[in-house]
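Colleague: Structure incoming, see below.
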Amino acid sequence: MNADAIRSLAESFDGDVLTPADAEYDEARTLFNSMIDRRPAVIARCRSVSDVGACVSWARDTGTELAVRAGGHSVAGMSLCDGGLVIDVRGLDAVDVDPAKRTARAGAGVTWGRFDAATQEHGLATTGGRVSTTGVAGLTLGGGSGWLERSYGLTCDNLVAAELVTASGELVRASADENEELFWALRGGGGNFGVVTALEYQLHEVGPTVFGGLAAYDPADGRAVGAAFRDFHRGGGPDEAGLAFGYIAAPPEDFIPAEWHGKLVAVTAGMWNGPVEEGEQALARLREAAEPIVDLYGEIPYAELQRMIDDPPGKRNWWTAEYLDDFTDDALDAFVSYGAQMPLSFTQLLLLPWGGEVARRTDSPLAKRDAKWVLHPFGVWEGEDRDDEHISWGRACRDLFAPWKSGGVYLNFIGDEGQDRVRAAFGDENYERLAAVKERFDPENLFHGNQNIRPRGQLVA
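The sequence shown runs 229 to 689 under the numbering used here.
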């Protein structure tokens, strides 16, 4: 890239402009998924909204490819681009909580760990990611799944306003009262409409301690635990329960008996959003489905629970997901068999019950919100030599669970799986509506390094 062009950006920019010649460049382009190794020409570390506007205008006027980085948790690496400009908004990291109104305003660079710490000072929270290093912006714009979703809906359902810099370089605010169609699109439509700089959320009374944790079981008992988990959620199950069932390789931690380290175990994990004593009683029959190897359920600070399954950094990642309409005995058998074939590394296979407020809160672009279950295999491993093993295992779920799939997909749980999957996430009608919003705010598709929605004018008839 022309040095004069980079200099022109730096002259209109208050933050740091990094190029491959800078010592901090490699750290700045490192993502949680070490499979992603892209080399942008420029990384612009924004300190202000005006910095974001300068970046967008510069990329548009110079015809430069751009990507937007906040938490950097796009498994497909959409936070980076080769040879272009990365707009890094991690410097926009303020969190302001209004306990009287039960709202919080977060800069686009805030992570869920930081957000939860700020809101929990007031005994408040909203549905946030299960991994504390995930950014609030990307998670929200893609929908936002978390332990509190059955109580309060997805993260996007709790968004009350957002501010973003559009392709024109203009700062725009969207809420239920202004730019209403854009606001609808932002609640699940991803980063297609501009660079979000701030988000405002509705908060709820949660914690500061809850009943939650994790229990691990001999995989020989996996079917019994899975059946109990399914039966616990028959008819939808209690909204207060935010749980997961699945398989992991037992980590080499002191709380796991040494003989199980590195071996396959069945697990349940999650929380009860209510009084601790009530949660202990409500989850008792699930926890007693089999004799556990270890049972770590108990009273726990909500903010600590939110860090319980944090991804180890610097590993290779490949994810996919499917919605399931039912979890019959045959589906359970398939799940147990699939779990038994899981490569032993940091990989996880999870089954998440939807329902509750997820199904009731439908004013967003996301399709299939009435799905009963989310199947989420995600490979996490070390060593390029194990790529094929993990990716082929992940892909196998598509055919294996075909009899129970409902169609659609939760985009935050998958990588780059093509336009058909993007359209399926919204359904044809919502996709066309999103394309109309895209046409208004980004007619040239400047923001295309994402799960892309094409402007209406670019759609093939």
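For each residue, glycine too, the CB sits at the ideal point set by N, CA and C.
Measuring only the C-alpha atoms, how far is Asp-467 from Glu-585?
Modeller: Here the question's residue 467 lines up with position 239 in the sequence shown. Here the question's residue 585 lines up with position 357 in the sequence shown. Answer to the nearest angstrom: the Cα atoms are 7 Å apart.
Colleague: Is the beta carbon of Ala-272 less than 7 Å from the beta carbon of Gly-363?
Modeller: Here the question's residue 272 lines up with position 44 in the sequence shown. Here the question's residue 363 lines up with position 135 in the sequence shown. In this structure, Gly-363 does not lie closer than 7 Å to Ala-272 by Cβ.
Colleague: Does Gly-363 get closer than 7 Å to chain C when you measure Cβ to Cβ?
Modeller: Protein chain content of the structure displayed is limited to a single chain, and chain C is not contained in it.
Colleague: Going by CA-CA distance only, name the one from Ala-443, Gln-348, Ala-389 that's closest to Tyr-525.
Modeller: The sequence position of residue 525 within the sequence shown is 297, counting from 1. Of the candidates Ala-443, Gln-348, Ala-389, the one whose C-alpha sits nearest the C-alpha of Tyr-525 is Ala-443.
Colleague: Going by beta-carbon coordinates alone, are Asn-261 and Val-303 separated by less than 7 Å?
Modeller: Mapped onto the sequence shown, residue 261 falls at position 33. Mapped onto the sequence shown, residue 303 falls at position 75. Their beta carbons are under 7 Å apart, which means Asn-261 touches Val-303 by this criterion.
Colleague: In the DSSP assignment, find the unbroken alpha helix (DSSP H) run with Asp-648 in it and report its ends.
Modeller: Walking along the sequence shown from the start, residue 648 turns up at place 420. Looking at the DSSP string, the run of the alpha helix (DSSP H) that includes Asp-648 is 647 to 669.
Colleague: Helix, strand or coil: how does DSSP classify Arg-515 here?
Modeller: As a position in the sequence shown, residue 515 is number 287, starting the count at 1. Residue state, collapsed to three classes: helix.
Colleague: On the DSSP bridge list, what partners appear for Arg-333?
Modeller: Against the sequence shown, residue 333 aligns to sequence position 105. According to DSSP, Arg-333 bridges with Asp-324, Glu-428.
Colleague: I need the boundaries of the alpha helix (DSSP H) containing Arg-273, first residue and last residue.
Modeller: Numbered from its first residue, the sequence shown carries residue 273 at position 45. Unbroken run through Arg-273 is the beta strand (DSSP E), 270 to 273; no alpha helix (DSSP H).
Colleague: Under 7 Å, do Leu-578 and Ala-472 count as touching if we go by C-beta distance?
Modeller: Translated into positions along the sequence shown, residue 578 becomes position 350. Translated into positions along the sequence shown, residue 472 becomes position 244. Taking 7 Å as the Cβ cut-off, Leu-578 and Ala-472 qualify as a contacting pair.
Colleague: Could you compute how far the alpha carbon of Asp-250 sits from the alpha carbon of Thr-290?
Modeller: For this step, residue 250 is matched to residue 22 along the sequence shown. For this step, residue 290 is matched to residue 62 along the sequence shown. Cα to Cα, the separation comes out at about 22 Å.
Colleague: Just to confirm the assignment, what range does the beta strand (DSSP E) spanning Thr-496 have?
Modeller: For the purposes of this step, residue 496 is taken as the residue at position 268 of the sequence shown. Unbroken beta strand (DSSP E) run through Thr-496: 492 to 500.
Colleague: Quick check on Pro-581: does DSSP put it in helix, strand or coil?
Modeller: Mapped onto the sequence shown, residue 581 falls at position 353. Reduced to three states, the DSSP call for Pro-581 is strand.
Colleague: Give the list of continuous alpha helix (DSSP H) stretches no shorter than 4 residues that lie fully inside the stretch 507 to 568.
Modeller: Listed in chain order, the complete alpha helix (DSSP H) runs (minimum 4 residues) inside the stretch 507 to 568 are 512 to 515, 530 to 533, 557 to 568.
Colleague: Does Asn-261 come out as helix, strand or coil in the three-state DSSP assignment?
Modeller: Within the sequence shown, numbered from 1, the residue matching residue 261 stands at position 33. DSSP places Asn-261 in strand when its eight states are reduced to three.
Colleague: Apply the 10 Å Cβ neighbour rule to Phe-654 and answer buried if 16 or more other Cβ atoms are within range, or exposed otherwise.
Modeller: Residue numbering aside, residue 654 sits at position 426 when the sequence shown is read from its first letter. Burial call: buried.
Colleague: Exposed or buried, Gly-635, counting other C-beta atoms within 10 Å across all chains shown (16 or more means buried)?
Modeller: Reading the sequence shown from its first residue, position 407 is the one you call residue 635. The residue is exposed, with fewer than 16 neighbouring Cβ atoms inside 10 Å.
Colleague: Please name the residue or residues paired with Gly-607 in a DSSP beta bridge.
Modeller: In the sequence shown, residue 607 corresponds to position 379, counting from 1. The partner list for Gly-607 (beta bridge, DSSP) reads Trp-546.
Colleague: Closest to Ala-345 by C-alpha separation, out of Arg-513, Glu-409, Ala-531, would be which residue?
Modeller: On the sequence shown, position 117 is the one that residue 345 refers to. Looking at the Cα atoms, Ala-531 is the closest of the given residues.
Colleague: Is the beta carbon of Gly-305 less than 7 Å from the beta carbon of Cys-274?
Modeller: By one-based count along the sequence shown, residue 305 stands at place 77. By one-based count along the sequence shown, residue 274 stands at place 46. Going by C-beta atoms, Gly-305 is not nearer than 7 Å to Cys-274.
Colleague: Are Leu-376 and Thr-347 closer than 7 Å when you measure CB to CB?
Modeller: For the purposes of this step, residue 376 is taken as the residue at position 148 of the sequence shown. For the purposes of this step, residue 347 is taken as the residue at position 119 of the sequence shown. Not a contact, by the Cβ cut-off of 7 Å.
Colleague: In chain order, what residues of the same chain lie with their CB nearer than 6 Å to the CB of Glu-409, ignoring the 5 residues before and after it?
Modeller: As a working note, residue 409 is residue 181 in the sequence shown. Here the set comprises Val-665.
Colleague: Report all residues from its chain with a CB closer than 6 Å to the CB of Arg-189; omit the five preceding and five following residues, and keep chain order.
Modeller: Lying before the first or after the last residue shown, residue 189 is absent from the chain, which here runs from 229 to 689.
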